Each structure stands twice: as C-alpha cells, then as structure tokens.
Amino acid sequence: MEKKIGVYICSGCDIGTCLDSGKLIDVATTENNIPIVRTSPAFCLEDAQMIKDDIEREGVDTVVIAACSPRVNTDVFGFKGTFVERVNIREQVVWSHPANHPETQSMAEDYLRMGIVRAQKATPPTPFTEANERTVLIVGGGAAGLAAAIDSAGTGFDVVLVEKSAKLGGYAARLHMQFPKRSPYDGLEPVDIHSKIHEVESLSNVRVFTEAEVAGISGQPGHFEVTIRHGGAEERMAVGAIVMATGWTEADPAIFSSYGLGSYPNVVTSITLEEMASRGEIVRPSDGQPVRSAAFVLCDGPGDDSHFAYGGNVSSLVALKQAMYIRERLPDSIVYILYKDMQTPGQYEYFYKRVQKDEGVLFSQGEIRSVAEGPEHKVLLEVDNTLMGGAIRMEVDILVLSAGMVPATLDPEASGSLNLQFLQGKDLPTTKFGFADSHFICFPYETRRTGIYSAGAVRQAMDLAASAQDGTAAALKAIQCIEKSSAGVAVHPRVGDLSYPSFFMQRCTSCGRCSQECPFGALEVDDNQHPSLDPNRCRRCGICMGACPVQIISFDDYSVDMISSMIKAVEIPEDDEEKPRILVFACENDAYPALDMAGISRLNYPASVRVIPVRCLGSVNSILIADAMSRGFDGVALMGCKPGEDYQCHFIRGSELLENRMENIKETLDRLALEAERVKVMEVEISDSDKIPGMLEEFVETVREVGLNPFKGF
Amino acid sequence: METVPSVYRTILVVGGGIAGITAALEAAEAGYEVFLVEKEPYLGGRVAQLNKYFPKLCPPYCGLEINFQRMKKNPQIRFATLAEVESISGGPGNFDVTIKQHPRYINDRCTACNACVPVCPVDRPNAFNFGMDTTKAVYLPHEMAFPMKYVIDDSVCTLTECAKCVEACEYDAIDLNMVSKTFDLKVGAIIMATGWMPYDATRIDNLGFGRYSDVITNVMMERLAAPNGPTKGKIVRPSDGKPVNSVAFIQCAGQRDETHLGYCSGICCLASLKQATYVRERNPDSHVSIFYIDLRTPGTYKFFSKKILSDPNISTLKGKVARIIEDPTTKELIVEAEDILLAEILRVKVDLVVLATGMVSSAEEKKTAADLQYDKDHFLLTEQPAPGIFAAGCARGPVDVATAVQDATAAALKSMRTIQTAARR
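In structure tokens:
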C-alpha cells in the first residue's frame, strides 16, 4: 500500500531564526512531492495535535518531524501504528552551526532529504511471536541456583533445576558456619541452605534433576530445546530462558606445591579446614592432635600473585571466620593471619575489627619467602616485610592456604558444559578472566548468548549472600527475557526493537561471514549452506548486515539500500573548495549522543558533515563507503567506541570488526584511485562532546589537503 | 462484609540514582507499573557526577544514556523529580504512599533553549559541582540532565519580584506561582534506593579540608576531572589555578575510625586508583602518592589495581596520615604520615591532596514509615527492612556501582513476588 507521508517542520528553539523555513518546505513539497507539509513554532506543545489530526483524518501513516533530536520528546512524538522519522535540525544543525549561513542551510536541507528517503523506504517491523515457553532452566543447584529457582517459581514460572552432583546445596552445604552478613557483624552465623533446598523440593512448579547434566541446548529465547541426561536416560524439554549458576571449583592444588600442599601433611587449604570444622574437630592432619597454632596465608611472595588470583574478595573473610573457629575451640591457641591487604570492604570492616579484638589472633602484612617442615611435621614459615619487624620466622601446627575460587567455565568438562548446539561452539564465551560475565558493570547477568544469564561464583567470585542475590537477579532477567521473547521484542541492549534481519537468500554466496561474525551466535547454517536465524537470539545490531559482501541482509527499518539512498539524497556541491562534504557514520550509543551534547553546549563543528546514525559501527557495510565516494563525498568518518580489552561496544565486537574491515575498505579506495586518508575511524566516548569539533575540523583539513573528490559532478 | 483489599501492581521506587533507575527499569520491562520518586531535579544521582567508572575507565553516561532511552520508551514507568516520600502506610500488595513534590517553577513546555539563563540576575553555588563554581538561579542541572528541563532554585530566586526569565521564555514554560503539591499513590511494593551522601570532610580536623583549598575530597576530584565540570576537565589547584604536578591521595579519610565512620566504604581505594590515572594522563610528568592502610581491590579488581600501579610515577605508602599542613611560603601542602613498613615518619610535599572520604547513608528516618529497620550506621538493616519494602544499593550499605545494579535487579524481582503473593491470598 502506498504510504502517505506527512512532513512537519518545527521552527522553535531557534530553528526558525537560523534557517530559511521556506526552502525547507520546498525540499518536502517541490523536491519530494510530499502531500502534507506543515510548520509550527513548537510541534512538541499544542501543535502535536496537528500531527495526530493528520494521522486520524488525512490518513497519514508515516511522519517525518524535522525538529529536535530523536533522543528527546520520544513520548510526545510517538504515535501508535505510525512510522516516525526524526530529523535532527536542532542539536545537530542550528545549535551547533552559524545562523543564517548557506552551509548551515544546506545541512538542514540535506538532513530533511535523508529523513524523507528513510521514511519512504522503511517499513514498520512485524515481530516474531512464536516462542512462548514459560519455563526457566537453571543449571546448578548451589546458593545462586536455589535462589533463582525459588524466585522464578514464586513469580509464576515453571522451573527445571539441573544439578550435577547427588545433592543440592553446592558449596554452601559443606560450610560449617558463615561469616556475618548483617549488622552488627559480630559473630558467625549458621548457614541455612537446607531450608532453601527444602523449599525448592517442595515447590510444585519446580522439577529437580540431580546427578544430571545438560546434554544439549538448541533453539532460541522463548523456546530453547534442552536435553537433560540423568540416570542413563535423556529427556527433552522446552524452556524459555536459562540461568547458568554452575559456581566454582577449587583451584588446582598443584599451584600450591611450593607451599608444601600435597607434601607436608599439615599444610591444608581453607576448604579442608572448613570440612574439619564441620566434622567438629580441628586437628593436625599428621597426628590428630589439636591445633594450637595456625597461620593463614592470603597472599603471595614478592612480585608474584599467580597463586591467589581468584577469590581474593572472599578469602580474607573466610580466614577471619576460620580463625574464630580455632580460637573458639582452643582458647589458648594462637592464629596468625598473613596478608597483603585485608579485603574486608564496606561494613565487613566491623567483622575484621571484631576479630582484631581477639588477642589470640595476630595480623601482619607479609610476603612468604619459604615454607618448610620441621620436627613432628610442624610448618616453618619465613616471612619478609612484616609489620612485626621486617623478616620473621614462625612455627605453626597448621598452615591454611586460601583456596582459589575458579569459575566453572574454566573447566566445562568437569563442571558441566551447557553443550550449546550452536555453530559457534558449545560453551559460553567468557571474559578475559574466564568468568561468564558481561564486561559491563551497568548490565550484569548478560552473557554473549541471548537468553542465557549467569549468576553466582561462575560470574564473579562472591560470597554466599551475594550469590543468593545474584540468583534472584538473574531470575528476573530470565523472566524478562521470556516475557519479551514471546512478544518478539528485543532484550538488552536494543530493548523494545521489533525488527530482525531478513535474508535475500537467492543471492547468498554461502561465504559464512555473517554466522561467524555475529557476536551472539544468532545464526546457524542450514543444509543448503545458507544462514538460518533464530530471531530471538538476535540483538538487532546489524553486524551481519555489515559483514555481508553481497548485501543480502536487511531489517525492515534499517538496511544497506536505505542508507545508500540517504547518501545519494545529499546534494553535493560541484567542485567547490569551500564546500567539502564529509559523511559521518555515528554509532547511536555514544557518538550520536556526544554530537547532541556538542549542540546543547553550543559548540560549533564543521557544517560540511552529514551524520547518519547507525546501530553499531559493525553494521556499516563497506559498500556504503564506496557509495559515498562515488556520490562525491570527500571523506567518510566512522565515529564510535574504542575496541580492545576494555571495549565499550554493547555488541561486543562492532568497532573491532570495523577495524578488521578497514583493509578491504582501503582496497576499495585503491581501486577507485582515492587516497586512504579519506576514510577515518574516530574513537569517541559519550562524554567526548568537547573533543568532537576538533576531531572533525582536523579531518576536514586533512581532506582539503588531499584534495576534493575527483568523482564529484559525475 | 469485609472487603478484600486490592492488590496494586505498581512498584514505588524511592530514589532515582543508578540503583533506583535500574530497579524501575527491570521491573517495568518484566511487565509491572513503576513510579519513581527522586528528590533532585534530575535522575542519575551520584553516578551522574562521576567522570569515569572503574575498572574500565568508561563514562557513566554510557550506561545512563541507555537507561534513560529505555525509560523514555516505556510508558509503564512514571517518575517525579523534586519529590520525596512523606509517608507510607499499609502493607504488602496495598501500600498508601503520600508524595510531596517541590515546585520546579518550570513546566513541561520547557524546550531547554537556554533563553532564561542570560537574563537571570542571581548566582548560586553549583551543588552539582560541590560548590566549585556557580550557576544562575534558573539553571539546567547539567548538559546530559534527564529530564532535559531547567529548574529554579527558590532558596535564592526572588520569584515574582524579578520574573525576568518569564519575559525571556518564548514557550510559557516558567510559572513562578508554582507551589508544592502533595499526591497519593497506591502501590504493591516499595524499593528504597535512597543512596548516599559524601561524609562531611570538615569534621576531619587533622586533614585540612576547609582550611586549605587545595585539600579536596574524592567526589570533588571527579568534578574537576570531568569535561563538564567547573574547570572543563583540567585538574588545577583550586587556590591559584596552577597546574598540578604532585598529588597525594589519603585513603580511609574519616573512615575505619571510631571518631568518624567505623566502616569502610569499599570503593575509595578503587576510586583513588582511577583518579590517579586522571592526574597521570593530563600531566605525564606528574607524581601520585597513595597513602593507605589496606588497599581494597577485591576480586578481579586486583588486576585493575596491578595495571595502574605498574606506572612508576604512582607510589603507594602504607601508613596513617597524622596531619596535613601548608608550607606558608611555597603554598605546597605537606602530608605527614607514619610509613608502617619502614617505621619512619614521612613528610611529603604535594600540590594537591585528595581525601578519599566515605559514603554516608541518605536514608532519613523521619520521612519514611512502617518500622523500617536501620543499623547503627543508618543503613537499612536487611534486604527487606519491612514486609513488602526492599532496600537496594547504598541505602543498604556502602557498595560500588556494579553491586548497586545487582542489588536493584534482585529487589525488583522481590517486589514482583510480593505483589504476586499478595494477589494470590
């Protein structure tokens, strides 16, 4: 059906005083034959009704509003069932460029042209609503998994809980007591994991599998097909979302061999000590005699921290707790705690103070120089740089080394793999330390597989209370995912997006690039060697669209054709030194808001730029650079986040992929006999608005030096 | 016949900082109605005043932007700024809440065009920058303020006696006759996310804050370093504007100390490490000294610390600082401390001292209701200080942003469960 477009040109906020509105109207009417074109001094106020009236009475179904940034007035300019295209002529034109200047005018007119073209080409997306399972799969039955199960079930969802060992409870069930989790942080508390286990076992909407593992997961959020192997049989079921709470394993004891673990009987880990406490007696392993003196080591020797890499935030508290175990049993015992820094942050400080008050516990900073065995298997320590006066030697009955909490993801074979039947592999990609975490403090629980959330010590080393909180929180994310997926609505980060990619498969060359470059493993490959998408796995970034060498991938409201047409809609002045044209692809997550901020701060930047917002720099197909060059743009800038270890990309790899593709882009430029300097990647953080004018001015200068694009006017 | 009380599917979130915003969004996106109440004229709380987050040294506005976009698109979230909770009564599933909203004097017609500011005759200390610069009485809280609306500080504005801004405004957005209003809400569950305030450093006598203007706090340092701060991101001495070549960070300032705060705020060591990079990147010849007792870098933050401390121009000294004085001739600051490892007294001269002061609970006992339980530090005692009422973020105890977000997500689910459970009864 033919679209009926209405174009609404606002003159408020200085737009009317800085631009020639008449010429803008001409762009809509004369150039583009738009049937309905209106102006107002403020469309965000009473005149919003004008737009509503046109939708109701004039049959307008596509609205182009040339006014403020799409980042503001979202509610005012949201009209149900209508496609709305916002053309930013406030923050990014009149607030950041000189008034009544021909170049500012050109900028506004070009943006309106581009907006109209986009509105003409875009279609409102139809959501995928066929995935409706309301069950949460929880992998792991420790503190985090149990909390996730209780809270998912308590919010009205069915739960399947899979635990690899024979019992629920995880490590919590092996604890004797826990260090205090609430004010006044004065004494040890019992661990109440058994009431949680009991609660889970009694919930009618929770199915528990013990001595079980996940044999396979396929499908998508809203409908994952899961195979569970237990008791020699396999059972298949469908779930809506997954919480991975597989916890931690003890770091390989071999790392402590230089401390005597494994060779000296009285050198143990904190896990062994806990087991002793649970059994009711803390004795020397060598002869069963009571422990009269103990040393807890929380740190490494000088310049070395390889032994204690994991779990440092929990080990200090565990040592304090276990010191209390010993002191309570044997009032004339002495305990040494050797640390580099006591990690008892926040109100845990009170617990530290409590133990410090006990005269039988001596604390010192120190670096372990050596551990040896003396007569009767006593442990001899040489410690440097202590607070007790330089280097000291001590002799103790037992040496306790803090066990490392290694996330289960570092050993999926032992700890239970999710066995994802995904093209990109069976395990979740992890962060650089091996945790199943998101790399964004603002968005925890996300993993690189949509619909799978992580919780507890597999996500970060954490204590019992934090693990339980984590389970609850991850359950919420799983529930949200189920609700959204059933409506075909995207989850983080493009929450609310209904679009997803479609493929013009007739032209697919089966290169496989899209399925390999998707950061989320959303694409499988079918029997015809073509990509096959599970829509709810998709995060709608468009990286696949950017990867495809034959441009067969598109979204209803975001496509190569659309952007290419926007590029062609720009009027390129003939060979004119004063009027270069620079295309800027700006990531909508950071660069675009930064450009807005430059406008809000009334900073000026060159009017020769034409900004096209993109979902991710990774979604920019190289052909668009060629299109820009053939159109006559003198330079193309790609403005977005920095790649690397501390990446900011909400889609993980966008700017990294762009960097990789720059080689091809340089080849394209070579073929066109154009200089490499014409294309530049600019790293911009959202707070970099003050740097933008300088960056753009410098680029325009570079392009001027290289010379105007010889393809202009062709 | 006894009527069964209705169960309201709305969750009240008290506090619009990172914990409050997160709780509101997570609950709304799971299908619940949310009403968020914030006492400042903008959302974002303390994180909006940060320059960067540890450990990635990334801008807080990245996370806030995506959250504000989610809020803008979600009709299930409503919020009120300049608002506080007056009273709470009732119980899980059915709370009656009274909210008082202070007048903004600016209505929804404000387009943020800035025409009012140049004509305003009154200056005020800029609270957003901890008083380090000024704004007019009518002002935009900061460039990325959400909601993007101006506000008038009525503690300094003469309102209708002046009214110059009203004349300048083309949109009839200024209403100097606005008054406080009170309104009632019925909600099913409540999340307290009232956050924290910086400890008053003037109370730490021996460290010179308030006496020497070149002794600042960690929160002030964030503003100095921020591109939208009082010096546009230049770290200079507040006294004379001269560049800073040497900085001392004093950890545990007014904390882990019976005379001030007994607890540790958990984030200040990481914050100082982060801020050390601000100094170093602006001035490659600069030197940073961190005076600490325990360098608290839990978990994988240990690797963040290691990376920063590999810079030879950053030194750490384990020792308690006895006092800070000023050299009367050079105007340098002198940090006198006992180096615990070397067992000697040190005197270190620096251009700038940053006190790593602590976080104090913002929860105000008198304003809230229903027997909320607090601990002796005025943090809410547990996750659920009263039935159907949950605590998230720093309202519960000093935590970092990551933990506040996690907490808030869990609190959202617990609120949803409360409502579900009440509905089933």
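Top to bottom, those sequences are chains E and F. Anchor point for the first sequence: position 244 equals 301 in the numbering used here, and the numbering is continuous, going up by one each time. Anchor point for the second sequence: position 356 equals 373 in the numbering used here, and the numbering is continuous, going up by one each time. Glycine residues also receive a C-beta, built at the ideal position from the N, C-alpha and C atoms. In this text the structure is predicted, and so the values were computed from the model without any measurement.
Review point. Quick one, which of E/764, E/590, E/696 has its alpha-carbon nearest residue 752 of chain E's?
Key: E/696
Check your understanding: Name the chain F residues whose beta carbon is nearer than 7 angstroms to that of residue 131 of chain E?
Key -> 89, 90
Exercise for review: Ignoring anything shorter than 3 residues or poking outside the region 389–417 of chain E, list the beta strand (DSSP E) runs there in chain order.
Suggested key: 391–396
Check your understanding: Three or more beta-carbon pairs under 8 angstroms between the region 719–731 of chain E and the region 682–695 of chain E, yes or no?
Key -> yes
Practice item. Check each candidate in F/308, F/402, F/125, F/290 and name the one with the smallest Cα separation from residue 224 of chain F. Key: F/308
Check your understanding: How would you label residue 189 of chain E, buried or exposed, when you count the other beta carbons within 10 angstroms and need 16 or more for buried?
Key -> exposed
Check your understanding: Using a Cβ-Cβ distance under 8 angstroms, would residue 273 of chain F count as near chain E?
Key -> yes
**Study point:** Outcome for residue 347 of chain F when other beta-carbon atoms lying within 10 angstroms are tallied against a minimum of 16
**Key:** exposed
**Study point:** chain F within 8 angstroms of residue 499 of chain E, Cβ atoms only
**Key:** yes
Check your understanding: Given 8 angstroms as the limit, is there contact between the region 170–188 of chain E and the region 605–619 of chain E, that is, 3 or more CB pairs closer than that?
Key -> yes
Check your understanding: In terms of residues, what are the limits of the alpha helix (DSSP H) holding residue 7 of chain F?
Key -> Residue 7 of chain F lies beyond the stretch modelled for chain F, which goes from 18 to 442, so this question has no answer here.
**Study point:** Boundaries of the beta strand (DSSP E) in which residue 697 of chain E is found, first to last residue
**Key:** 692–697
Practice item. Quick one: residues in its chain with C-beta nearer than 6 angstroms to the C-beta of residue 449 of chain E, no 5 flanking neighbours on either side, listed in chain order? Key: 440, 443
Point to revise | Closer than 8 angstroms to chain E by CB, residue 356 of chain F | key: no
Check your understanding: Exposed or buried, what is residue 200 of chain F when buried is set at 16 or more other beta-carbons lying within 10 Å of its beta-carbon?
Key -> exposed
Review point. Are the CB atoms of residue 395 of chain E and residue 426 of chain F nearer to each other than 8 angstroms?
Key: no
Practice item. Closer than 7 angstroms by beta-carbon distance: list the chain E residues that pair up with residue 392 of chain F, in chain order. Key: 240
Check your understanding: Any beta-carbon of chain E closer than 8 angstroms to the one on residue 401 of chain F?
Key -> no
Review point. Taking buried to mean at least 16 other C-beta atoms within 10 Å of its own C-beta, is residue 87 of chain F buried or exposed?
Key: buried
Review point. Along chain E, in chain order, which residues have C-beta atoms closer than 7 angstroms to that of residue 311 of chain F?
Key: 398, 399
Check your understanding: In or out: residue 745 of chain E buried (at least 16 other Cβ within 10 Å) or exposed?
Key -> buried
Review point. In whole angstroms, what is the alpha-carbon distance linking residue 355 of chain F and residue 349 of chain F?
Key: 19 angstroms
Check your understanding: When the Cα atoms are used, what is the spatial distance from residue 19 of chain E to residue 528 of chain E?
Key -> Residue coverage of chain E in this structure runs from 58 to 771, which leaves residue 19 of chain E outside it and unanswerable.
Check your understanding: Closest to residue 707 of chain E by CA distance: which of F/46, F/32, F/79 is it?
Key -> F/79
Check your understanding: Is residue 18 of chain F helix, strand or coil when you go by DSSP?
Key -> Low local confidence applies: a pLDDT of 46 at residue 18 of chain F is under 50, so the model's placement there is unreliable, and no value is given.
Practice item. Give the range of the alpha helix (DSSP H) segment to which residue 760 of chain E is assigned. Key: 749–763
Check your understanding: Ends of the beta strand (DSSP E) at residue 563 of chain E?
Key -> No beta strand (DSSP E) holds residue 563 of chain E; DSSP gives it neither H nor E.
Review point. Apart from the five residues just before and just after residue 306 of chain E, which ones in its own chain have a Cβ nearer than 7 angstroms to its Cβ?
Key: 463, 465, 468, 471, 472
Exercise for review: Quick one: give me the first and last residue of the beta strand (DSSP E) that residue 442 of chain E is part of.
Suggested key: 436–443
Practice item. Using a Cβ-Cβ cut-off of 8 angstroms, state whether residue 448 of chain F counts as contacting chain E. Key: A question about residue 448 of chain F goes unanswered here, because the residues of chain F that appear run from 18 up to 442.
Point to revise | Contact between the region 453–460 of chain E and the region 562–578 of chain E (3+ Cβ pairs under 8 angstroms) | key: no
Check your understanding: Count the other CB atoms within 10 Å of the CB of residue 91 of chain E; is the residue buried (16 or more) or exposed (fewer)?
Key -> buried
**Study point:** C-alpha distance - residue 65 of chain F paired with residue 81 of chain F, whole-angstrom precision
**Key:** 8 angstroms
**Study point:** Extent of the continuous alpha helix (DSSP H) to which residue 254 of chain E belongs
**Key:** 250–259
**Study point:** Own chain partners of residue 322 of chain F with C-beta closer than 7 angstroms, once the 5 adjacent residues on each side are dropped
**Key:** 290, 312, 314
Practice item. Classify residue 306 of chain F as helix, strand or coil using the three-state DSSP reduction. Key: strand
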